[in-house]
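Worksheet: one structure, shown below.
Number of protein chains: 2
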Amino acid sequence: MKTILRKATKQDLQGTLDLVNELALYEKAPQEVTVTLADYETDFDTNVFDILIAEQESQIVGIAFYYMAYSTWKGKMLYLEDFVVKEELRGHGIGKLLFKAYLEEAKKLNVSLAKWQVLDWNEPAINFYEKYNSTIEKEWFNGKILSKDFEGILELLK
Amino acid sequence: MKTILRKATKQDLQGTLDLVNELALYEKAPQEVTVTLADYETDFDTNVFDILIAEQESQIVGIAFYYMAYSTWKGKMLYLEDFVVKEELRGHGIGKLLFKAYLEEAKKLNVSLAKWQVLDWNEPAINFYEKYNSTIEKEWFNGKILSKDFEGILELLK
Numbered sequence: 000m001k002t003i004l005r006k007a008t009k010q011d012l013q014g015t016l017d018l019v020n021e022l023a024l025y026e027k028a029p030q031e032v033t034v035t036l037a038d039y040e041t042d043f044d045t046n047v048f049d050i051l052i053a054e055q056e057s058q059i060v061g062i063a064f065y066y067m068a069y070s071t072w073k074g075k076m077l078y079l080e081d082f083v084v085k086e087e088l089r090g091h092g093i094g095k096l097l098f099k100a101y102l103e104e105a106k107k108l109n110v111s112l113a114k115w116q117v118l119d120w121n122e123p124a125i126n127f128y129e130k131y132n133s134t135i136e137k138e139w140f141n142g143k144i145l146s147k148d149f150e151g152i153l154e155l156l157k
Numbered sequence: 000m001k002t003i004l005r006k007a008t009k010q011d012l013q014g015t016l017d018l019v020n021e022l023a024l025y026e027k028a029p030q031e032v033t034v035t036l037a038d039y040e041t042d043f044d045t046n047v048f049d050i051l052i053a054e055q056e057s058q059i060v061g062i063a064f065y066y067m068a069y070s071t072w073k074g075k076m077l078y079l080e081d082f083v084v085k086e087e088l089r090g091h092g093i094g095k096l097l098f099k100a101y102l103e104e105a106k107k108l109n110v111s112l113a114k115w116q117v118l119d120w121n122e123p124a125i126n127f128y129e130k131y132n133s134t135i136e137k138e139w140f141n142g143k144i145l146s147k148d149f150e151g152i153l154e155l156l157k
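As given, the protein sequences belong to chains A and B, one line each in that order. Under numbering that gives the first Met the number 0, think of the first position of the first sequence as 0, with each following residue one higher. Under numbering that gives the first Met the number 0, think of the first position of the second sequence as 0, with each following residue one higher.
What follows is the structure in structure tokens.
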């Protein structure tokens, strides 16, 4: 089946959110998706992120969701926040097409670095990245605070 | 000694780069800092990032370097890319002031999430974040590709 690659328009945001939910389920955390379609629409309009869409017969079958980030060591970097192919269509090269398009975008935007994260148990994904000579770093932890906790933690910091 | 907190101006970028280099040394990777002052200046002018500066007697003693990022699960997030206090001044509450100012900025910007990374062996930093009720996630690896490798990997992806 023919796969078309293109940049997302606002009309693709619902389909993107559907795939994000699908990936969250695969990553065993569907309840963690709290963003709304309205959030995506507002933030897409203000260019906070961009999306590459893989499409077959007018259906979205994969996405590469990225934004401009910054490394204090390297300078501009293109951050691949979410990269997903519909589960039943994996293993047919759609991910490879998307990843290639993402790297081409990174090259075009003249960034110093392409960066993303992968779960430590997600072997198929790690194998994919290593096959394409990516560096996988295992020595970093993520720290985070949800907005609902900002007030309480600001009190502690007084 | 009195600590003043303020947003960075272009004049602070050299002092910021000096501190970034100091942190890279602490993180045992000084050769990894390849960004230039000119890069910082260009990218500061185009609002790619912002910096909170802690100052004592007109000297920069700490920085919180952040930018707007995006979570496909949560929406807008403020990413703390670098957070450093001059080594000889640690343990005097400067980090606490900076972290508080960063969280206040996150609150003001109405993001859903504040996020950063910390090295797995950096116990003082992990203790600091845990003291302030942050979540530390240990199950993610980082993937990355440097721009010098884009061409070669794009060839592999053909």
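Beta carbons: idealized from backbone N, C-alpha and C, even for Gly.
Check your understanding: For A:Tyr65 versus A:Tyr101, is the C-beta distance shorter than 8 Å?
Key -> yes
Exercise for review: Drop a sphere of 10 angstroms on the beta-carbon of B:Leu79, count the other beta-carbons inside from all chains shown, and report buried for 16 or more, exposed for fewer.
Suggested key: buried
Practice item. At 8 Å on the CB atoms, spell out the chain B contacts of A:Ser70, in chain order. Key: Val34, Glu80
Check your understanding: Taking three-plus beta-carbon pairs below 8 Å as touching, is the region 117-127 of chain A in contact with the region 93-107 of chain B?
Key -> no
Practice item. Pull out every residue of the region 110-122 of chain B whose Cβ sits closer than 7 Å to any Cβ of chain A, in chain order. Key: Val110, Ser111, Leu112, Ala113, Lys114, Trp115, Gln116, Val117, Leu118, Asp119
Review point. Which bits of chain B does A:Ile152 rub up against, with CB to CB less than 8 Å?
Key: Leu102, Tyr131, Asn132, Ser133
Point to revise | Spatial distance of A:Ala7 from A:Leu51 (CA atoms) | key: 6 Å
Exercise for review: Identify the continuous beta strand (DSSP E) that holds A:Leu77 and give its terminal residues.
Suggested key: 74-84
Exercise for review: Put A:Thr134 into one of helix, strand or coil per three-state DSSP.
Suggested key: strand
Check your understanding: Shortest alpha-carbon distance to A:Leu153 belongs to which of B:Ile135, B:Asn109, B:Phe43, B:Lys95?
Key -> B:Lys95
Point to revise | Contacting residues, own chain, Cβ-Cβ under 6 Å from B:Arg5 (five flanking each side not counted) | key: Ile52
Check your understanding: Does the beta-carbon of B:Leu18 have 16 or more other beta-carbons within 10 angstroms, so that it is buried, or is it exposed?
Key -> buried
Check your understanding: Would you call A:Tyr25 buried or exposed, if buried means 16 or more other Cβ atoms sit within 10 Å of its Cβ?
Key -> exposed
Review point. Is A:Asn46 helix, strand or coil when you go by DSSP?
Key: coil
Check your understanding: Under a three-way DSSP split, which group does B:Val117 fall into?
Key -> strand
**Study point:** Interface residues of chain B facing A:Gly74 [CB-CB closer than 7 Å]
**Key:** Val34, Asp38, Asp42
Practice item. State the DSSP-derived secondary structure class of A:Leu22, mapped to helix, strand or coil. Key: helix
Point to revise | Exposed unless 16 or more other CB atoms sit within 10 angstroms - verdict on A:Met0 | key: exposed
Check your understanding: Do the region 107-114 of chain A and the region 129-138 of chain B meet, that is, are 3 or more Cβ pairs less than 8 Å apart?
Key -> no
Check your understanding: If we ignore side chains and look at the alpha-carbon of each, how far apart do B:Lys75 and A:Asp44 end up?
Key -> 13 Å
Review point. Looking at the structure shown, is B:Leu97 part of a helix, part of a strand, or coil, going by DSSP?
Key: helix
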